Every structure is written in structure tokens, then in C-alpha cells.
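Written below as C-alpha cells is the structure these notes are about.
Protein chains: 2
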Amino acid sequence: MSTAVDPSRLSINQETVKQWSLPELAEGCAKEGITAVGLWRAQVQEYGVERTARLVRDAGLTVTSLCRGGFFTDIEEAARARALDDNRAAVDEAAALGTDTLVLVSGGLPHGSKDLAGARERIADALAVLGPYAEERGVRLAIEPLHPMFAADRCVVSTLGQALDLAERFPAEQVGVVVDTYHLWWDDQAPAQIARAGRGGRIHAFQLADWVTPLPAGVLLGRGQLGDGSVDFKAFRAVVDGAGYDGPIEVEIFNEAMWARGGAEVLRETAERFRTHA
Amino acid sequence: MSTAVDPSRLSINQETVKQWSLPELAEGCAKEGITAVGLWRAQVQEYGVERTARLVRDAGLTVTSLCRGGFFTDIEEAARARALDDNRAAVDEAAALGTDTLVLVSGGLPHGSKDLAGARERIADALAVLGPYAEERGVRLAIEPLHPMFAADRCVVSTLGQALDLAERFPAEQVGVVVDTYHLWWDDQAPAQIARAGRGGRIHAFQLADWVTPLPAGVLLGRGQLGDGSVDFKAFRAVVDGAGYDGPIEVEIFNEAMWARGGAEVLRETAERFRTHA
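Now the structure itself:
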């Protein structure tokens, strides 16, 4: 449980140092000896997909995941078709960047709807279409259960158990899950579900952020630096490692106070916190 | 599922019309034909426990619950002893008010602690002491699972399943649970857990509030008027009724915009929404 984490498992999700451009991120990681990053579609598209692929390749960086596909819960047919098209594009971008993992934020309740079960079924419908498309391109879809406070407006998949109920309808090479401490730390069922995910070979990403209070308005940007909050990362990692996962560990923190600081300082602090707390 | 709710089941939790004093609440309920209220300790203590008991008795009001006992998770011995004393006082107040239900908000993580399991065990320790004390006075303790977004700072009991795991260590006459739509609406396990609670005779209170977004800073005061948000109250009530519960249904909404309006207007709206949505 108190085994030191292998520092080479650290991957920096680019949102953690959102103040940086992609070239700044590549340069900063090189200086800090960090060899892996998680990327976001909007920033990649802005810089250019091929250009980003070249940048990370030249910098010797591994792309551990691309965020995000998803938003599958619309009822209207045209909106659902658009979502599928957009997700095929996301798969293509992931493949171009050389990452095998596309993170999915599945979508909240459509406007005016109160039907959680129906929304969850529409996610399964989309996965049935996208799973084979992704597998052909060497990309795995990773359902991220989001904290229940996002169930209405972002993601009706609120627990790892729910994410696995969806993922297990498909081959593990097509659909797995994201284990993110920020979303799952409170759940006493998480350890058993992490073991279940490990047995099925479905832990496709492992992400860290700390839980800090009070939450800000809108709650999205309330994540904390590792060690600043309530999450017992060593205990959590012991469970994930114990489930057979030995892949990269992404630090993904959305925090306006961290974005207001210099990127290099935040990156150094994050690497230190990772070694100490993870 | 679409059976109309019996309007006489409505109980108004006084926080819903926090702008009102206790006499205003009693008078307002009489005008609106509402015969039951849920009360809060701070307001009752301010007005006087015996004086409140007399007020509600004279007004013909039933007190369906008293909020709140709890905050059992401190580690330090003196703080735990103080919490037990305070909870014995809360039981005495509940008995004086003639209600059989004391709602418990169990407490979050102590400062600097990351040990959720330990905190949950300390809740059980406190229940072992308080359960018999409450039963002797005709009061049932009702563990309220709070939404997981409150796990760090208010309540480490985040699901109905966890609440029942705790409650079932004790006789149902001593310890049960609160079923509150605001805290449980997102959870696909809630229906099975409500059935479990019903089988054990442990549904000691049923409370309604809607889930609306965006959440305000601190998230505590973000509850919505019935019908304004994501909760399917009729489906939820069908599950609770189906579990054999036929008691009062409390509307408990913390919402600053509602507190800024006239109490009579809010009470009338709430009664209307109850008839339409519950």
C-alpha cells in the first residue's frame, strides 16, 4: 500500500497546465523528464491534428489518452447522427495522435427529460456503432463515470459499476472504463468494481485529481492538486495496481488557481506531488 | 405510477420557508390546509422547545421529523463525547415536540483525514450508544445518506445502501433511514435499496427536492422547487410506496431565491407542485 509509485508512470493531462500551448507543454515536459501526456480535442484541433502528432513524436512524448468523445444521450435523430459523426472524427484523431484510448463523457439528461435509464440505453446504442469503428483503428473507447453531481448536465454514468454494466456488453478491445479518483473516491463499491474492471481487462485509463471543498459555482473547476484534499491516493492506487493495471497514471486537474500560475511551476509541483502522494 | 398523490401526505419542512418565523409557519400552514411540518433544531431552540411544542399542538400540526442530529465522525474523544451529549439533547427535543423521527447528518471526514471507512465505523459506534436512548423516548434515528458531493464535509454516508449497512446493525425501532430524492435520484441502485429499506421497516422519512443546475458555490443551497429539475418524482414515489411506505412526504428545499420571496406565495406554490409532481 505504501509502495513508492514508479515516477515514469506519470502522464500530464494538458488541462492540468491549460495555460500552456502545446509546444510549451512539450518543452516543459522535456525539462521535467515527463514522457507522457493526455490531450484534449479542442486544443489539438486548434493546433492541428497532424501538427500535434508531429510535435509529440519529435518530443518523444507518448499520448496516453485523448479527451473526449461522448455526449450520446440526445433523443432527436439528427443530433444523434451528429454525435456519431463527431465521435468517429474523435477516433480518427486519437489514431492520428498514436494513442489507443479515447475518453468518453457520455452525456447528461436531454433538456426537459427525467429519464436516466433511457439516456443510459442511448449510450449503449452509440457504443454498438462506434466500438467496431474504433477497434479497426486501434483505439479503445473508455467510458468515464463522472461524479454523481454531473448526472444531470454532463454524464448519466455516475459509478464505475454503471460504466462496467455498459462496457461489458462489448468486447474489452472496444470498450472499457476510466478510473478517476475525483469521480470515484467517495464510493465504497469502487474497490470491488475496480477489481471487476481489472479482471475484464477494461481499465483503459487511470486518472488522478484530489477532492477539495468548498466547491466553486458550477462545480466543474473545483478539482484539487494531489495532496490538497480528501483522496487517499496510495490506497486507491493499491486497489488499481492490485487489479492488474500497470499502465500510465494521468494527472488531470481543472483548477483556475493553478491555471493562474506559471506552467513550469505547476508542472514541477505536480510531478513532486505525484511522487509523494500517488 | 401516475396515481395522484394524497395531498394530506404533504409535510412542509420549515427550511423550505425559512423566511418565516415558527408562528408564521403555523399560521401559513393553517391557511393552506397543511397539517404537518418538519422542524430544525436551531429554529426550535431559538423559539424555545416547550414553546414550539405548544405552538404546533395548538395549531393542530403534526411534526413529522426534527433535523438534525449526527456529526459523529470526530476522532478526538472529547469531541465525540460532546457529539453524543448533543445528540441526546436532540432526542429529548424530538420527544418534546412529539415527533418520532430524528434525522441524522452523520458527519464528513475530520480535518486532515482521508479515512472514509474509519469515519463510517465511528458513526456505528455512536448509533450503538444513541439507539437505545432514543428508543426509550419513542424516537427513531434516521440516517440520511447525503449526495456524494457532501462526502468530505458533511456526510460520509453517500448512498442508501451504505445507510442501510449501518442501520441494519441495530433494531429498526432504533435506527432507520431517510429517503431524499435530492440525494438519491442519480443512483440506479436506489430502487433496490428502497425496497430493502421497506422490507426492514426502516423508511423513517421520505423527503423531496428537485435537482437543478448549475449548482451554486458551496452547493448546499442549490436545491430546486419540485418540477424545476431532473427528478422524476412520480416514479420515485411509486418505488417508495411500493416498498410499503405510506407515511408523510416532506418537501425540504434549500434555495435562496425561494427564501427571497414571500412565504405564503412559496407555500402555495409548493403545495401546488406537490399535487402536480409528487
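The listed protein sequences derive, respectively, from chains A and B. Just so it is clear: in the first sequence, position 252 is 252 by this note's numbering, and no numbers are missing. Converting from the second sequence to this note's numbering requires adding 1000 to each position, the first position being numbered 1. For every residue, glycine included, the Cβ atom is placed at its ideal position computed from N, Cα and C. As the structure is a computational prediction, the values presented were derived from the model and not from experiment.
**OP:** Determine the burial state of Ala95(A): buried for a count of at least 16 other Cβ atoms within 10 Å of its Cβ, exposed for fewer.
**Re:** Taking the first residue of the first sequence as position 1, residue 95(A) is located at position 95. It is buried - the Cβ of Ala95(A) has at least 16 other Cβ atoms within 10 Å.
Subject >> Beta-carbon spacing of Ala4(A), Leu61(A) below 8 Å >> reply: Here residue 4(A) corresponds to residue number 4 of the first sequence, with the count starting at 1. Here residue 61(A) corresponds to residue number 61 of the first sequence, with the count starting at 1. No, they are not a contact pair.
Original post:
Any Cβ of chain A within less than 8 Å of the Cβ of Ser1230(B)?
Top reply: Along the second sequence, read from residue 1 onward, the residue named residue 1230(B) stands at position 230. Taking Cβ atoms only, chain A reaches closer than 8 Å to Ser1230(B), which makes this a yes.
Subject >> Every unbroken beta strand (DSSP E) within the stretch 7-69 of chain A, with a cutoff of 3 residues, ordered by chain >> reply: 10-13 and 36-40
Original post:
Applying the criterion that 16 or more other CB atoms from any shown protein chain within 10 Å of the CB defines a buried residue, is Pro1148(B) buried or exposed?
Top reply: Position 148 of the second sequence, counted from the first residue, corresponds to residue 1148(B). Buried is the call here.
**OP:** Give a yes or no on whether the C-beta atoms belonging to Gln1019(B) and Gly1038(B) are separated by under 8 Å.
**Re:** The residue given as residue 1019(B) occupies position 19 in the second sequence. The residue given as residue 1038(B) occupies position 38 in the second sequence. Contact flag unset, no.
Subject >> Asp210(A) in three-state terms, based on DSSP >> reply: Position 210 of the first sequence, counted from the first residue, corresponds to residue 210(A). Secondary structure of Asp210(A) (DSSP, three-state): strand.
**OP:** With 8 Å as the threshold, decide whether the Cβ of Trp1186(B) is near any Cβ in chain A.
**Re:** Here residue 1186(B) refers to the residue found at position 186 when the second sequence is read from its first residue. True, the Cβ-Cβ gap to chain A drops below 8 Å.
Original post:
What are the start and end residues of the alpha helix (DSSP H) that includes Asp1241(B)?
Top reply: Working through the second sequence from its first residue, we reach residue 1241(B) at position 241. Unbroken alpha helix (DSSP H) run through Asp1241(B): Phe1233 to Gly1242.
**OP:** With distances taken Cα to Cα, identify the nearest neighbour of Asp241(A) among Gly98(A), Gln189(A) and Ala278(A).
**Re:** As a position in the first sequence, residue 241(A) is number 241, starting the count at 1. For Asp241(A), the nearest C-alpha among the options comes from Ala278(A).
Original post:
How long is the line joining the alpha carbons of Ser335(A) and Glu46(A), rounded to whole angstroms?
Top reply: The structure shown does not extend to residue 335(A), since chain A is modelled only from 1 to 278, so the question has no answer here.
**OP:** Starting from the C-beta of Gly131(A), find all residues in its chain whose C-beta is less than 8 Å away, skip the five residues before and the five after it, and write them out in chain order.
**Re:** The residue given as residue 131(A) occupies position 131 in the first sequence. Counting only Cβ-Cβ distances below 8 Å, and skipping sequence neighbours, we find Leu141, Phe170, Pro171, Gln174 and Val175.
Subject >> C-beta neighbour in chain B for Val219(A), strict 8 Å >> reply: Position 219 of the first sequence, counted from the start, is the residue given in the question as residue 219(A). Nearest CB-CB separation between Val219(A) and chain B: below the 8 Å threshold.
Original post:
Which residue comes first and which comes last in the beta strand (DSSP E) that contains Ile143(A)?
Top reply: Within the first sequence, numbered from 1, the residue matching residue 143(A) stands at position 143. Arg140 to Ile143 is the span of the beta strand (DSSP E), which, as asked, contains Ile143(A).
**OP:** Taking His1147(B) as the query, report the chain A residues whose CB atoms sit under 9 Å from its CB, ordered along the chain.
**Re:** Position 147 of the second sequence, counted from the start, is the residue given in the question as residue 1147(B). Here the neighbours are Pro148 and Met149.
**OP:** Identify whether Thr101(A) lies in helix, strand or coil by the three-state DSSP scheme.
**Re:** If you number the first sequence from 1, residue 101(A) lands on position 101. Looking at Thr101(A) - three-state DSSP - the assignment turns out to be strand.
Original post:
Which residues bound the beta strand (DSSP E) around Ile1249(B)?
Top reply: As a position in the second sequence, residue 1249(B) is number 249, starting the count at 1. Ile1249 to Val1251 is the span of the beta strand (DSSP E), which, as asked, contains Ile1249(B).
Original post:
Of the residues Ala192(A), Glu168(A), Pro216(A) and Arg68(A), which one's Cα is nearest the Cα of Arg202(A)?
Top reply: Against the first sequence, residue 202(A) aligns to sequence position 202. The residue with the shortest Cα to Cα distance from Arg202(A) is Glu168(A).
Original post:
Is Gln162(A) close to chain B, meaning its C-beta is less than 8 Å from at least one C-beta of that chain?
Top reply: The residue given as residue 162(A) occupies position 162 in the first sequence. So, interface residue.
Original post:
Closest to Gly28(A) by CA distance: which of Arg51(A), Ala59(A) and Gly48(A) is it?
Top reply: What you label residue 28(A) is simply residue 28 of the first sequence in a count that begins at 1. The option with the nearest alpha carbon to Gly28(A) is Ala59(A).
**OP:** For the beta strand (DSSP E) holding Asp1281(B), just list the boundary residues, first then last.
**Re:** Past the edges of chain B, shown from 1001 to 1278, lies residue 1281(B), and the structure says nothing about it.
Subject >> Local conformation of Val219(A) per DSSP, three classes >> reply: Translated into the one-based positions of the first sequence, residue 219(A) becomes position 219. In this structure, Val219(A) counts as coil in the three-state DSSP scheme.
**OP:** Check the Cβ-Cβ distances between Trp1211(B) and every residue of chain A, and say whether any is below 8 Å.
**Re:** Residue 1211(B) sits at position 211 when you count from the first residue of the second sequence. Yes, Trp1211(B) counts as interfacial toward chain A.
Subject >> Gly1224(B) in three-state terms, based on DSSP >> reply: In the second sequence, residue 1224(B) corresponds to position 224, counting from 1. Looking at Gly1224(B) - three-state DSSP - the assignment turns out to be strand.
**OP:** Determine which residues of the stretch 152-180 of chain A have a Cβ less than 7 Å from any Cβ of chain B, and write them out in chain order.
**Re:** Ala152, Asp153, Ser158 and Gln162
Subject >> Minimum Cβ-Cβ distance from Gln207(A) to chain B less than 8 Å >> reply: Taking the first sequence and counting its residues from 1, the one referred to as residue 207(A) is at position 207. Chain B, which has no Cβ nearer than 8 Å to the Cβ of Gln207(A), makes this no.
Subject >> DSSP-derived helix/strand/coil call for Ile1203(B) >> reply: Residue 1203(B) sits at position 203 when you count from the first residue of the second sequence. It is a strand residue.
Subject >> Val1091(B) - DSSP class collapsed to helix/strand/coil >> reply: Against the second sequence, residue 1091(B) aligns to sequence position 91. Val1091(B) falls in the helix class under three-state DSSP.
Original post:
In chain B, which residues lie less than 7 Å from Lys114(A) when you measure between Cβ atoms?
Top reply: Residue 114(A) sits at position 114 when you count from the first residue of the first sequence. Listed along chain B are Ser1230, Val1231 and Asp1232, each with a C-beta nearer than 7 Å to that of Lys114(A).
Original post:
What residue from Ser1065(B), Leu1116(B) and Phe1233(B) has the CA that sits closest to Gln189(A)'s CA?
Top reply: On the first sequence, residue 189(A) is found 189 positions in, with the first residue counted as 1. Closest by alpha carbon: Leu1116(B).
Original post:
With 8 Å set as the bound, which would you pick, yes or no: does the beta-carbon of Pro1191(B) sit closer than that to a beta-carbon of chain A?
Top reply: As a first step, residue 1191(B) is located in the second sequence; it is residue number 191 there, counting from the start. Among the CB atoms of chain A, none fall inside 8 Å of the CB of Pro1191(B).
Original post:
How many angstroms separate the CA atom of Arg1068(B) from the CA atom of Arg273(A)?
Top reply: Here residue 1068(B) refers to the residue found at position 68 when the second sequence is read from its first residue. Here residue 273(A) refers to the residue found at position 273 when the first sequence is read from its first residue. For Arg1068(B) and Arg273(A), the distance between alpha carbons rounds to 39 Å.
**OP:** Would you kindly report the start and end of the unbroken alpha helix (DSSP H) that includes Gly1107(B)?
**Re:** Locating residue 1107(B) in the second sequence gives position 107, counting from the first residue. For Gly1107(B), no alpha helix (DSSP H) run applies, since DSSP gives it neither H nor E.
Original post:
Is the stretch 143-158 of chain A close to the stretch 81-95 of chain A, with three or more CB pairs under 8 Å?
Top reply: no
Subject >> Within chain D, the residues that Leu215(A) reaches when beta carbons sit closer than 8 Å >> reply: Checking the listed chains, one finds no chain D in this structure; the protein chains it contains are A and B.
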